[in-house]
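With UniProt numbering applied, the sequence shown covers 1 to 576. Structure record follows, encoded as structure tokens.
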Amino acid sequence: MRIQLRQAEHEPFTALTSAGIDPVLARVYSARGVAGPDDLDLGLAGLASYTQLKDIDRAAKRLATAIKNAEKLAIAGDFDCDGAAGASLLIEGILDLGGRLPGLFIPNRMTQGYGLSPGLVAEMPADTNLIITVDNGIASIAGVAAARARGFEVMVTDHHLAGERLPEDCVAIVNPNQPGCAFPWKGTAGVGVAFYLIAATRAKLREGGWFGDHRPEPNLSKYLDLVALATIADVAPFERNNRIFIAAGLERIRQRRCRIGILALLEVAGVEPENVTAETIGFIVAPRINAAGRLEDMRTGVRLLLSQEEHAAREIARTLDQMNRERRTIEDGIREEAEEIAAQIVSAPQDGESFVLCPYQPDWHEGVIGIVAARLRERFHRPTIVFTKAADGSIKGSGRSIPWFHIRDAIAAVDAQHPGLTTKFGGHAAAAGLSLAKEADIAVFTEAFAAVARRELRASDLEEIIYSDGELVESTACLDTALAIEKGGPWGREFEPPIFHGTFLVRNVRELRSNTLKCTVQKENWALDAIWFRRNSEQSLEEGKRYTMVYALSVNRWRSRENLQLRIEKVLEEHP
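Printed below as a string of structure tokens:
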């Protein structure tokens with residue numbers, strides 16, 4: 001693990017400081033490609049048009065016809081927050097446009113697996129006219145075929161990478177990542193694609209004179225809280241278009257102009273809406289919604305997001321909060337076991353297999369293996385796929401990757417080398433999922449997967465590089481800087497939140513719970529309160545010793561008071 005300083009560009013830095021932007025924040029921005037103040041304008045006027053999305057015109061025409069004719073629609077969602085929010089947006093959007101209430105169909109993670117499958121199609125009523133997928137469908141070859149065999153039309157809306165084949169005989173496929181799509185913002189989440197479908201459909205209905213005094217035209221800004229929620233939850237890149245979506249959605253939440261289900265989740269978590277950031281959504285709100293899909297049924301999450309009654313929303317929020325507590329308990333147990341296996345692989349590599357981690361236990365809970373894979377990736381900095389046995393006896397894997405290694409393409413390379421080894425797979429550069437037929441296939445897959453990693457990675461790629469925005473001094477390590485950073489977001493993947501580094505003397509060490517530690521850090525003649533979340537059990541700080549740390553500046557709020565708090569991200573080395 002080593003620190004690399006982010007390089008700020010001089011001209012953008014000068015332009016930003018000349019516009020009155022805090023110098024620390026100006027340096028942070030200029031190191032992230034911000035050319036000047038105009039790049040920080042995240043007003044909705046800058047949102048990309050849907051017109052470059054391939055098939056969007058055809059999709060909007062078909063959905064507009066379905067709405068006008070009161071056709072029976074089925075929404076095929078996904079069991080994560082993006083799928084739940086996207087399904088909620090489509091249901092609410094179709095109703096607001098004057099359509100008939102669609103049916104909602106979300107597969108069970110443990111028994112049905114991901115996407116529009118023949119089994120999910122079999123649950124749909126025989127008089128269904130049109131299925132619309134959200135956050136899935138691009139790989140649903142068999143599911144679309146099953147739907148067509150029953151006489152249902154299918155419209156795919158998705159954002160996942162396409163395979164060699166696309167589903168056949170669809171009304172339309174709307175996916176910024178499909179071949180031939182000119183839409184420039186490839187990081188758009190599934191919920192963003194759903195938003196654009198509703199926007200395009202509204203335009204078609206407007207052209208046909210559908211709206212009037214008897215049927216008002218809906219304002220699409222009411223859906224922006226959903227778009228922000230799911231874009232953050234899906235760890236989509238914070239490219240400019242997504243930042244516009246997120247900034248607008250967060251502002252609605254802060255003003256309490258969002259759906260009551262989100263407010264109810266903030267209430268059970270003890271967070272004031274006025275203080276919500278992208279980090280709040282990612283670490284507090286989204287995990288509670290995702291817990292429904294991980295442990296039980298994501299329709300609970302959709303019910304929360306569509307709830308119109310405060311008491312009901314609070315009840316569902318409390319249920320989701322309890323599910324999330326259970327999820328954490330399950331995850332902690334599996335993570336400890338998986339870390340032991342991973343540590344053995346890394347410490348005693350065989351034929352280069354330490355380039356990847358593929359731990360397996362048949363009794364690990366399928367709903368949390370993706371989170372565990374992310375934790376292992378963070379700790380060991382290797383492409384990681386965690387495997388478990390599914391209820392039907394097949395093997396399910398969930399993977400997370402490091403920079404420079406496209407995990408979905410790596411799985412595709414294994415599939416090409418061993419046809420039929422993976423029964424299905426899909427995902428992105430940083431995250432992917434797959435299925436194998438039987439336990440014996442894990443060893444074959446792991447060997448082939450490791451071979452791909454050995455070809456594409458060097459040993460130096462396995463060393464984690466931490467990109468720092470520099471060292472702060474007493475005058476800049478202050479509450480004003482922390483507040484400027486907080487207000488200067490949204491921050492997220494590919495527009496990373498600022499982190500800094502320095503060497504500190506540690507005092508007043510105390511453990512709050514198993515993986516959280518508080519202390520005071522001192523440098524020269526100034527000191528700050530510090531907290532270290534999610535440290536691994538082997539890491540600690542000793543009183544009176546000096547450590548090089550990577551940290552973020554955060555604002556600790558308690559009873560209407562704001563205090564500066566240094567949040568430790570990594571401890572690199574101890575000094576005498």
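We put the beta carbon where it would ideally sit given N, CA and C, even for glycine.
- Item | Beta bridge counterpart(s) of residue 531 as assigned by DSSP | Reading the sequence shown from its first residue, position 531 is the one you call residue 531. In DSSP, residue 531 forms a bridge with 518 and 567.
- Task: Alpha carbon to alpha carbon, how far is residue 275 from residue 445? Give it in angstroms, no decimals.
- Result: Start at 1 with the first residue of the sequence shown, and residue 445 comes out as number 445. Start at 1 with the first residue of the sequence shown, and residue 275 comes out as number 275. About 46 Å.
- Message: The beta strand (DSSP E) that contains residue 188, what's its start and end?
- Response: Within the sequence shown, the letter at position 188 stands for residue 188. Counting along the chain, residue 188 falls outside any beta strand (DSSP E), and DSSP gives it neither H nor E.
- May I ask which residues mark the beginning and end of the alpha helix (DSSP H) holding residue 302? Locating residue 302 in the sequence shown gives position 302, counting from the first residue. Taken as a continuous stretch (DSSP letters only), the alpha helix (DSSP H) holding residue 302 covers 299–306.
- Task: Return the CA-CA distance between residue 475 and residue 247, expressed in angstroms with no decimal places.
- Result: Here residue 475 corresponds to residue number 475 of the sequence shown, with the count starting at 1. Here residue 247 corresponds to residue number 247 of the sequence shown, with the count starting at 1. Using only the alpha carbons, I get a separation of about 29 Å.
- Message: Just to confirm, is the Cβ distance from residue 402 to residue 432 under 8 Å?
- Response: Taking the first residue of the sequence shown as 1, we reach residue 402 at position 402. Taking the first residue of the sequence shown as 1, we reach residue 432 at position 432. No; because the gap between Cβ atoms is not below 8 Å, this pair is not in contact.
- Note down the Cα distance separating residue 15 from residue 22, rounded to an integer number of angstroms. Counting from 1 along the sequence shown, the entry for residue 15 is found at position 15. Counting from 1 along the sequence shown, the entry for residue 22 is found at position 22. Each residue's alpha carbon lies about 12 Å from the other.
- Message: Below 8 Å on the Cβ atoms is my contact criterion, and I expect residue 237 with residue 96 to pass it. Report the Cβ-Cβ distance as a whole number of Å.
- Response: Taking the sequence shown and counting its residues from 1, one reaches residue 237 at position 237. Taking the sequence shown and counting its residues from 1, one reaches residue 96 at position 96. The pair is not a contact, with the Cβ atoms about 29 Å apart (cut-off 8 Å).
- Pairing CB atoms from the stretch 367–383 with CB atoms from the stretch 325–339, are three or more of them under 8 Å? yes
- Does any heavy atom of the ligand FAD sit closer than 7 Å to the C-beta of residue 246? For the ligand FAD, the structure offers nothing, since it holds no ligand at all.
- Could you round the C-beta distance between residue 499 and residue 551 to whole angstroms and report it? I think they count as a contact, below 8 Å. Your numbering for residue 499 matches position 499 in the sequence shown. Your numbering for residue 551 matches position 551 in the sequence shown. Yes, they are in contact, since the Cβ atoms of residue 499 and residue 551 sit about 7 Å apart, within 8 Å.
- Cβ neighbour criterion (16 or more within 10 Å) applied to residue 467: The residue you call residue 467 lines up with position 467 of the sequence shown. With fewer than 16 Cβ atoms within 10 Å of its Cβ, residue 467 is classed as exposed.
- Query: Mapping DSSP to helix, strand and coil, what is residue 577?
  - Reply: Outside the shown range of the chain, which is 1 to 576, sits residue 577, and nothing can be said about it.
- Message: For residue 146, which residues in the same chain have their Cβ closer than 6 Å to its Cβ, ignoring the five residues on either side in sequence?
- Response: As a position in the sequence shown, residue 146 is number 146, starting the count at 1. Excluding positions up to five away in sequence, the list reads 118 and 121.
- Given residue 190 as reference, the closest of 78, 135 and 9 once Cα atoms are compared: Against the sequence shown, residue 190 aligns to sequence position 190. Residue 135 is the option with its Cα nearest to residue 190.
- Item | Backbone secondary structure at residue 10 - three-state DSSP | In the sequence shown, counting from the first residue as 1, residue 10 sits at position 10. In this structure, residue 10 counts as helix in the three-state DSSP scheme.
- Query: Straight-line CA distance for residue 470 to residue 571?
  - Reply: To locate residue 470, count along the sequence shown from 1; it is residue 470. To locate residue 571, count along the sequence shown from 1; it is residue 571. Spanning the two alpha carbons is a distance of roughly 15 Å.
- Query: Considering only C-alpha positions, which residue in the set 262, 343 and 270 is nearest to residue 307?
  - Reply: Your numbering for residue 307 matches position 307 in the sequence shown. Out of 262, 343 and 270, the CA that lies nearest to the CA of residue 307 is found in 262.
- Query: Should residue 530 and residue 485 be called a contact, given that it needs their Cβ atoms to be closer than 8 Å?
  - Reply: In the sequence shown, the residue the question calls residue 530 occupies position 530. In the sequence shown, the residue the question calls residue 485 occupies position 485. Contact flag unset, no.
- Query: Near residue 465, which residues of its chain fall below 7 Å by C-beta distance, leaving aside the five closest residues on each side in sequence?
  - Reply: By 1-based counting over the sequence shown, the position of residue 465 is 465. Once the five neighbours on either side are set aside, the close Cβ partners of residue 465 are 2 and 4.
- Query: First and last residue of the beta strand (DSSP E) that includes residue 311?
  - Reply: The sequence position of residue 311 within the sequence shown is 311, counting from 1. Note, residue 311: premise wrong, no beta strand (DSSP E); alpha helix (DSSP H) at 310–347.
- Message: For the structure I just gave you, are there three or more beta carbon pairs, one from the stretch 219–226 and one from the stretch 265–281, closer than 8 Å?
- Response: no
- Item | Close Cβ partners of residue 317 (< 8 Å) along its chain, the five nearest in sequence each way excluded | Here residue 317 is taken as the residue at index 317 of the sequence shown, counted from 1. Sequence-distant partners of residue 317 (beyond 5 residues in either direction) whose C-beta falls short of 8 Å from its own C-beta, in its chain, are 261, 264, 265, 267, 268, 288 and 304.
- Where residue 172 sits in the DSSP three-state scheme: As a first step, residue 172 is located in the sequence shown; it is residue number 172 there, counting from the start. The answer is strand: DSSP assigns residue 172 an E or B state.
- Task: For the alpha helix (DSSP H) containing residue 30, list its first residue and its last residue.
- Result: Residue numbering aside, residue 30 sits at position 30 when the sequence shown is read from its first letter. Unbroken alpha helix (DSSP H) run through residue 30: 23–30.
- Please report how far the alpha carbon of residue 524 lies from the alpha carbon of residue 232, in whole angstroms. Position 524 of the sequence shown, counted from the first residue, corresponds to residue 524. Position 232 of the sequence shown, counted from the first residue, corresponds to residue 232. In a straight line, the C-alpha of residue 524 is about 38 Å away from that of residue 232.
- Task: List the DSSP bridge partners of residue 424.
- Result: The residue given as residue 424 occupies position 424 in the sequence shown. Residue 424 pairs with 435.
- Task: Please state whether DSSP places residue 76 in a helix, a strand or coil.
- Result: Your numbering for residue 76 matches position 76 in the sequence shown. The DSSP-derived three-state label of residue 76 is strand.
- Message: Looking at the strands, I want to know which residues DSSP matches up with residue 562.
- Response: Here residue 562 refers to the residue found at position 562 of the sequence shown. According to DSSP, which records beta bridges pairwise, residue 562 is partnered with 557.
- Task: Just the C-alpha distance for residue 286 and residue 483, rounded to the nearest angstrom, thanks.
- Result: What you label residue 286 is simply residue 286 of the sequence shown in a count that begins at 1. What you label residue 483 is simply residue 483 of the sequence shown in a count that begins at 1. So the two alpha carbons sit approximately 23 Å from each other.
- Message: Taking 8 Å as the cut-off, does the stretch 445–455 touch the stretch 166–186 (at least 3 CB pairs, one atom from each stretch)?
- Response: no
- Whole-Å CB distance - residue 252 paired with residue 225, under 8 Å assumed: On the sequence shown, residue 252 is found 252 positions in, with the first residue counted as 1. On the sequence shown, residue 225 is found 225 positions in, with the first residue counted as 1. Contact holds; Cβ gap of about 5 Å.
- List the residues that DSSP assigns as beta-bridge partners of residue 130. For the purposes of this step, residue 130 is taken as residue 130 along the sequence shown, with counting starting at 1. BP columns for residue 130 point to 73 and 153.
- Would you kindly work out how many angstroms separate the C-alpha atoms of residue 244 and residue 42, rounded to a whole number? As a first step, residue 244 must be located in the sequence shown, where it is residue number 244. As a first step, residue 42 must be located in the sequence shown, where it is residue number 42. Each residue's Cα considered, the two are about 5 Å apart.
- Task: May I ask you to list the residues that DSSP assigns as paired with residue 552?
- Result: If you number the sequence shown from 1, residue 552 lands on position 552. Paired residue(s): 567.
- Report yes if the CB atom of residue 382 is closer than 8 Å to the CB atom of residue 356, and no otherwise. The residue given as residue 382 occupies position 382 in the sequence shown. The residue given as residue 356 occupies position 356 in the sequence shown. Yes, the Cβ-Cβ distance between residue 382 and residue 356 is below 8 Å.
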